[in-house]
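Protein chains in written order, with the numbering used here: chain A, 2 to 573; chain B, 2 to 573. Built from N, CA and C at the ideal position, the CB exists for glycine as well. In what follows, a structure is listed as structure tokens, so that the remarks can point back to it.
2 protein chains.
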Amino acid sequence: MSSSLRVLIIGGVACGPKSASRLRRLMPDADITMVERDQLVSYGACGLPYYVEGEFSNINALTHTQVGLPRTPEFFEKTKGFTTLTRTEALHIDRKNKKVRVKNLDTGQEEDLPYDKLVLATGGSAFRPPIPGIDLKNVWFMTHPEHARTLVDEIQAQGFQKAVMVGAGFIGMEVTEALTNKGLDLTLVEMFDQVMPGVLDKDIAAYVQLHLDDNEVELALGERVTALNPDASGKKVAAVQTDRQTIDADCVIIAVGTRPNDSLAREAGLACAEKGGILINDYCQTSDPDIYSGGDCVVNRYISSIAGNPMYVPLGSTANKHGRVIADHIAGMRTPFEGISGTGIVKCFDFNIGRTGLTEKMAKQLNIDYEVITWGGPDKPHYMKNARYLLIKMLASKRDRKVLGAQVAGMGEAAKRVDTVAATIFFGGTLDQLAGIDLAYAPPYGPPIDPIAVCAQILSNKMDGIAKSVSVEQAKHIMDTTDAVMLDVREPDENKMLTIECEADRHFHIPLGQLRERMNELPKDKDILSYCKISLRGYEAQLILNAGGFDRVCFIEGGHEAWPYGLNYLGM
Amino acid sequence: MSSSLRVLIIGGVACGPKSASRLRRLMPDADITMVERDQLVSYGACGLPYYVEGEFSNINALTHTQVGLPRTPEFFEKTKGFTTLTRTEALHIDRKNKKVRVKNLDTGQEEDLPYDKLVLATGGSAFRPPIPGIDLKNVWFMTHPEHARTLVDEIQAQGFQKAVMVGAGFIGMEVTEALTNKGLDLTLVEMFDQVMPGVLDKDIAAYVQLHLDDNEVELALGERVTALNPDASGKKVAAVQTDRQTIDADCVIIAVGTRPNDSLAREAGLACAEKGGILINDYCQTSDPDIYSGGDCVVNRYISSIAGNPMYVPLGSTANKHGRVIADHIAGMRTPFEGISGTGIVKCFDFNIGRTGLTEKMAKQLNIDYEVITWGGPDKPHYMKNARYLLIKMLASKRDRKVLGAQVAGMGEAAKRVDTVAATIFFGGTLDQLAGIDLAYAPPYGPPIDPIAVCAQILSNKMDGIAKSVSVEQAKHIMDTTDAVMLDVREPDENKMLTIECEADRHFHIPLGQLRERMNELPKDKDILSYCKISLRGYEAQLILNAGGFDRVCFIEGGHEAWPYGLNYLGM
Numbered sequence: 002m003s004s005s006l007r008v009l010i011i012g013g014v015a016c017g018p019k020s021a022s023r024l025r026r027l028m029p030d031a032d033i034t035m036v037e038r039d040q041l042v043s044y045g046a047c048g049l050p051y052y053v054e055g056e057f058s059n060i061n062a063l064t065h066t067q068v069g070l071p072r073t074p075e076f077f078e079k080t081k082g083f084t085t086l087t088r089t090e091a092l093h094i095d096r097k098n099k100k101v102r103v104k105n106l107d108t109g110q111e112e113d114l115p116y117d118k119l120v121l122a123t124g125g126s127a128f129r130p131p132i133p134g135i136d137l138k139n140v141w142f143m144t145h146p147e148h149a150r151t152l153v154d155e156i157q158a159q160g161f162q163k164a165v166m167v168g169a170g171f172i173g174m175e176v177t178e179a180l181t182n183k184g185l186d187l188t189l190v191e192m193f194d195q196v197m198p199g200v201l202d203k204d205i206a207a208y209v210q211l212h213l214d215d216n217e218v219e220l221a222l223g224e225r226v227t228a229l230n231p232d233a234s235g236k237k238v239a240a241v242q243t244d245r246q247t248i249d250a251d252c253v254i255i256a257v258g259t260r261p262n263d264s265l266a267r268e269a270g271l272a273c274a275e276k277g278g279i280l281i282n283d284y285c286q287t288s289d290p291d292i293y294s295g296g297d298c299v300v301n302r303y304i305s306s307i308a309g310n311p312m313y314v315p316l317g318s319t320a321n322k323h324g325r326v327i328a329d330h331i332a333g334m335r336t337p338f339e340g341i342s343g344t345g346i347v348k349c350f351d352f353n354i355g356r357t358g359l360t361e362k363m364a365k366q367l368n369i370d371y372e373v374i375t376w377g378g379p380d381k382p383h384y385m386k387n388a389r390y391l392l393i394k395m396l397a398s399k400r401d402r403k404v405l406g407a408q409v410a411g412m413g414e415a416a417k418r419v420d421t422v423a424a425t426i427f428f429g430g431t432l433d434q435l436a437g438i439d440l441a442y443a444p445p446y447g448p449p450i451d452p453i454a455v456c457a458q459i460l461s462n463k464m465d466g467i468a469k470s471v472s473v474e475q476a477k478h479i480m481d482t483t484d485a486v487m488l489d490v491r492e493p494d495e496n497k498m499l500t501i502e503c504e505a506d507r508h509f510h511i512p513l514g515q516l517r518e519r520m521n522e523l524p525k526d527k528d529i530l531s532y533c534k535i536s537l538r539g540y541e542a543q544l545i546l547n548a549g550g551f552d553r554v555c556f557i558e559g560g561h562e563a564w565p566y567g568l569n570y571l572g573m
Numbered sequence: 002m003s004s005s006l007r008v009l010i011i012g013g014v015a016c017g018p019k020s021a022s023r024l025r026r027l028m029p030d031a032d033i034t035m036v037e038r039d040q041l042v043s044y045g046a047c048g049l050p051y052y053v054e055g056e057f058s059n060i061n062a063l064t065h066t067q068v069g070l071p072r073t074p075e076f077f078e079k080t081k082g083f084t085t086l087t088r089t090e091a092l093h094i095d096r097k098n099k100k101v102r103v104k105n106l107d108t109g110q111e112e113d114l115p116y117d118k119l120v121l122a123t124g125g126s127a128f129r130p131p132i133p134g135i136d137l138k139n140v141w142f143m144t145h146p147e148h149a150r151t152l153v154d155e156i157q158a159q160g161f162q163k164a165v166m167v168g169a170g171f172i173g174m175e176v177t178e179a180l181t182n183k184g185l186d187l188t189l190v191e192m193f194d195q196v197m198p199g200v201l202d203k204d205i206a207a208y209v210q211l212h213l214d215d216n217e218v219e220l221a222l223g224e225r226v227t228a229l230n231p232d233a234s235g236k237k238v239a240a241v242q243t244d245r246q247t248i249d250a251d252c253v254i255i256a257v258g259t260r261p262n263d264s265l266a267r268e269a270g271l272a273c274a275e276k277g278g279i280l281i282n283d284y285c286q287t288s289d290p291d292i293y294s295g296g297d298c299v300v301n302r303y304i305s306s307i308a309g310n311p312m313y314v315p316l317g318s319t320a321n322k323h324g325r326v327i328a329d330h331i332a333g334m335r336t337p338f339e340g341i342s343g344t345g346i347v348k349c350f351d352f353n354i355g356r357t358g359l360t361e362k363m364a365k366q367l368n369i370d371y372e373v374i375t376w377g378g379p380d381k382p383h384y385m386k387n388a389r390y391l392l393i394k395m396l397a398s399k400r401d402r403k404v405l406g407a408q409v410a411g412m413g414e415a416a417k418r419v420d421t422v423a424a425t426i427f428f429g430g431t432l433d434q435l436a437g438i439d440l441a442y443a444p445p446y447g448p449p450i451d452p453i454a455v456c457a458q459i460l461s462n463k464m465d466g467i468a469k470s471v472s473v474e475q476a477k478h479i480m481d482t483t484d485a486v487m488l489d490v491r492e493p494d495e496n497k498m499l500t501i502e503c504e505a506d507r508h509f510h511i512p513l514g515q516l517r518e519r520m521n522e523l524p525k526d527k528d529i530l531s532y533c534k535i536s537l538r539g540y541e542a543q544l545i546l547n548a549g550g551f552d553r554v555c556f557i558e559g560g561h562e563a564w565p566y567g568l569n570y571l572g573m
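This is the structure:
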């Protein structure tokens with residue numbers, strides 16, 4: 002027998018192959034074996050919605066390398082130098098004797114594989130809601146290339162016209178775009194009363210919902226699916242039954258969350274989070290230091306101590322980071338995994354929707370003393386044809402001005418703004434530091450002061466008591482429950498085109514340039530909510546009125562561009 | 002007379018209006034006056050090349066707000082609340098009596114304007130090379146809307162066909178794209194032997210030059226312009242004379258650098274850098290604490306102490322940051338300007354070209370013990386249609402692994418990678434931290450491990466002695482001066498399509514998957530330079546050969562995609 006280090010890896014999708022490949026580079030002599038229950042290894046599950054949409058036509062793209070080599074056990078053996086056993090399920094970990102009982106799913110044969118170091122990369126599984134009809138035909142989950150392939154085949158073969166997407170998380174949003182763009186009529190059902198409930202605050206979700214509406218997606222929010230109803234044959238799904246309605250469906254796709262595959266770890270007595278997910282330290286070690294874990298089967302600590310308990314955020318990017326950290330630690334290098342900040346992004350039609358750090362909802366739950374602002378504006382100088390609107394919501398700690406989180410949505414370039422904030426949060430930066438970063442500026446990429454810097458500056462102004470503002474949600478509430486008035490400070494032609502919906506006698510219109518002379522037309526004894534298109538002028542109006550002796554003035558964050566409730570077009 | 006604080010601002014393009022507007026928000030009672038020599042104030046000079054290209058057709062877009070209001074003195078008075086005097090030149094600063102002599106350029110009348118706080122935002126001027134013919138007709142600089150407007154008009158009126166762009170900096174690259182896309186035959190003349198000499202290292206510039214070549218731009222690098230030759234009339238330019246050739250030209254555009262307008266400051270005895278540029282502290286105060294300065298007339302400190310002397314990097318983004326810092330400090334708020342990191346970006350045809358932090362050239366000059374790598378690869382998963390190649394060069398300090406700089410070029414999305422590195426440098430982050438940031442991942446935006454993280458990881462591997470690699474420049478030198486051999490580890494069909502140019506008996510081809518079995522075909526007594534398309538497999542090959550007992554193996558950074566010297570197509 003070889004005396005080299007025996008490393009056994011359970012799971013072959015992302016963290017598994019990554020740790021195996023990296024370890025081989027670091028330890029040419031290690032004896033590395035990866036076992037995987039499935040026939041496929043190392044596939045790009047994140048690409049499934051894009052196969053469905055038709056972005057690429059050969060599903061093999063997800064299981065092959067860039068140059069078209071299939072990532073088979075032979076591939077890994079020859080190019081990466083480690084052994085891969087597919088169709089092999091791990092049944093039991095014997096920690097005392099350091100071996101794992103595995104079963105060949107084709108032959109049924111079982112054997113014990115010994116290890117010096119064990120890596121659990123068992124991944125996550127789509128949650129299957131326990132409802133009647135869940136096993137009917139034409140019901141899909143979206144976690145395996147086979148799911149995407151058969152969905153595309155059946156859309157064509159059976160001529161589906163009506164689809165119901167259950168779950169409005171990342172996968173739900175991507176599949177919504179995919180199927181709608183393929184010409185299906187789609188209803189998006191979500192148990193919570195907003196899309197992307199775990200990702201976005203309700204106000205930003207409301208803005209995203211406008212875009213889904215523009216793309217003729219039927220939204221069924223705040224509805225719980227109670228059953229999938231069969232057709233006359235009793236075999237195929239015919240409708241989705243919710244607690245409010247029955248929605249006809251030729252096909253149903255379900256993506257209502259992922260659950261960590263932690264049963265093997267639990268059974269072996271490894272520490273797991275109460276709600277699921279293997280607990281790991283900064284080097285991805287479990288409570289047994291010879292057993293590592295990473296990828297969709299673990300919970301991750303937040304980048305700073307602010308967020309308390311570890312979070313379950315299954316993502317391919319994190320899984321790959323874990324793989325590297327695990328290999329490094331086995332090889333004696335101490336590269337810590339510094340945690341996640343809950344970063345995520347999704348493209349849905351023409352919208353880019355991203356988030357990093359804490360949402361306002363989370364900050365409230367954690368009892369953090371925060372300030373928040375929503376800002377909107379073009380992502381490039383207005384003279385560039387491809388300038389697009391972006392809405393940004395940002396939170397910072399009142400105690401130390403550190404940036405806590407941001408949500409970005411709109412047709413503008415969101416990813417780089419999310420990444421900049423993610424980096425700032427990673428390094429514990431403040432609002433003023435975020436605004437001070439020397440970002441890459443040229444007209445094709447952004448305005449001289451980047452939207453993310455503007456947002457940080459205005460939030461800083463708000464914290465300093467210079468900017469006084471309310472979110473669209475707060476503004477709506479104030480208008481509905483008090484005698485406050487609105488002040489539109491845009492130019493006459495803009496005002497004629499569209500205004501925020503509001504009783505005529507509570508809606509004033511004074512262009513910003515006339516405000517200094519005409520402010521006496523406004524009531525001093527009522528709350529005044531000023532706005533323009535994006536509320537840059539709304540902010541100026543607040544300052545002008547403050548300087549003119551008005552105390553009760555706030556601008557509406559994001560202006561009418563961010564207003565999701567109701568607009569009057571053409572002054573009607 | 003009012004007892005309010007009198008703030009006088011000289012210069013009305015970027016830093017001036019920004020500081021005035023911000024100050025008005027902070028100090029409603031301050032007496033704020035801005036003087037500007039020109040008729041125009043607050044214009045977007047960065048947009049000039051885009052007007053030339055036809056991105057927008059009304060030059061007023063550069064001088065008007067988003068909603069079409071001209072940024073006139075009246076506009077600033079009414080909406081921003083400060084006084085603007087245009088066509089008013091500042092002649093002399095009387096620091097003792099705190100007043101500035103100004104002259105109305107229309108009436109010739111002079112007067113003294115008193116100040117409590119003075120802001121010098123006098124900007125920069127295009128350098129005019131002292132060569133014969135510089136005043137001929139059809140010679141343009143590109144710093145004022147009038148330049149762009151007349152160039153566009155004259156291209157049409159005179160039917161220019163041949164253009165010469167002198168200077169391959171940011172503006173030069175943008176104008177090169179603009180005029181080429183307008184159908185002119187363009188020669189780009191640059192004194193240094195590479196494009197973007199102050200911005201990019203020569204190897205990355207070489208890669209950019211391939212793209213200029215693809216777009217039929219004639220390059221005249223390493224050529225000094227000695228004269229502009231007139232036509233028969235003696236009035237119009239007909240050719241550009243360099244120290245090597247005569248280039249016919251219907252029009253010539255010159256952008257060979259900006260010089261800070263610091264003469265007013267120098268004359269007033271304020272401290273300036275030897276090579277030009279007003280010296281300021283972190284609050285943008287000059288050596289006279291009542292005189293502030295910002296924008297293109299100052300030199301900036303680098304974000305960390307590593308870079309030594311302040312740098313002259315005139316940019317609209319920085320000018321706006323200065324404006325805010327100045328206003329804050331005058332109003333009693335201490336928000337420091339934390340310095341620049343030399344970040345810049347330019348779009349040229351389909352290439353995005355950016356840089357932040359130190360180049361390798363700078364690191365050498367500063368005598369920093371650095372490690373460097375160049376990495377290339379797709380910016381998104383390979384199954385996404387819009388995946389594009391990006392070349393990234395990254396430097397880090399060997400002493401503390403802190404990221405020193407990055408250059409990014411290619412058709413892929415470069416801006417967000419530059420911004421992520423800029424943020425990392427701002428916060429003093431290491432390579433491992435950069436790779437650990439929780440960046441926004443989804444297939445439309447990038448691969449699970451972002452290129453910038455991959456690059457950081459491989460540089461980290463190189464520093465740790467795991468990855469052994471040479472740049473394309475070094476590889477070329479090794480092949481030219483030693484008996485080293487090349488090893489292509491791509492698949493047979495890839496090898497048939499194209500290889501790096503090399504004598505047949507010094508070029509081996511063994512696909513990576515066969516390398517473990519066939520390595521005995523390779524010489525152990527020669528340097529082996531392994532490569533593939535992007536050198537991911539080249540890197541694997543180095544590790545496999547090392548494990549197999551080969552010591553003298555390096556991979557070629559960036560693979561054949563980064564090879565700017567010569568390629569054999571179709572195995573010919």
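Could you tell me which of 69(A), 118(A), 364(A) sits nearest to residue 99(A), measuring between CA atoms?
118(A)
List, in order along the chain, the chain A residues whose C-beta lies closer than 7 angstroms to that of residue 464(B)?
Ordered by position in chain A, no residue passes the 7 angstroms Cβ test against residue 464(B), which lies about 12 angstroms from the chain.
Between the Cα of residue 415(A) and those of 427(B), 440(B), 436(B), spot the shortest distance and give me the residue it belongs to.
440(B)
Can you tell me where the alpha helix (DSSP H) holding residue 449(B) begins and where it ends?
No alpha helix (DSSP H) contains residue 449(B), which DSSP labels as neither H nor E.
Alpha helix (DSSP H) containing residue 158(A): first to last residue?
146-159
Are the C-beta of residue 479(A) and some C-beta of chain B separated by less than 8 angstroms?
no
Thinking C-beta only, is residue 221(B) closer than 8 angstroms to residue 243(B)?
In this structure, residue 221(B) lies closer than 8 angstroms to residue 243(B) by Cβ.
For residue 18(B), which of helix, strand or coil comes out of DSSP?
helix
Are residue 381(B) and residue 444(B) touching if we call contact CB-CB under 8 angstroms?
yes
Is it the case that the region 457-476 of chain A contacts the region 386-401 of chain A, given that we only count it when at least three CB pairs across the two stretches are under 8 angstroms?
yes
Can you name the residues of chain A whose CB is closer than 7 angstroms to the CB of residue 541(B)?
Those are 80, listed as they occur along chain A.
Just verifying my parser: in three-state terms, what is the DSSP assignment at residue 179(A)?
helix
What residues are listed by DSSP as bridge partners for residue 570(A)?
499(A)
Taking the Cβ atom as the reference point for each residue, do residue 218(A) and residue 124(A) lie within a distance shorter than 8 angstroms?
no
Contact set for residue 571(A): own chain, Cβ-Cβ below 6 angstroms, skip 5 residues either direction:
none
Option nearest residue 323(A) by Cα separation, candidates 346(A), 297(A), 308(A), 305(A):
With distances taken between Cα atoms, residue 323(A) lies closest to 297(A).
How many whole angstroms separate the CB atoms of residue 561(A) and residue 532(A), which I take to be in contact at a CB cut-off of 8 angstroms?
That belief holds up - the Cβ atoms of residue 561(A) and residue 532(A) are roughly 6 angstroms apart, short of 8 angstroms.
Taking Cβ positions only, does residue 487(A) come closer than 8 angstroms to chain B?
no
Would you mind telling me which residues of chain B sit closer than 7 angstroms to residue 428(A), beta carbon to beta carbon, in chain order?
428, 430
I'd like to check one pair, residue 121(A) with residue 279(A): are the Cβ atoms closer than 8 angstroms?
Annotated as proximal: residue 279(A) and residue 121(A), with beta-carbon spacing under 8 angstroms.
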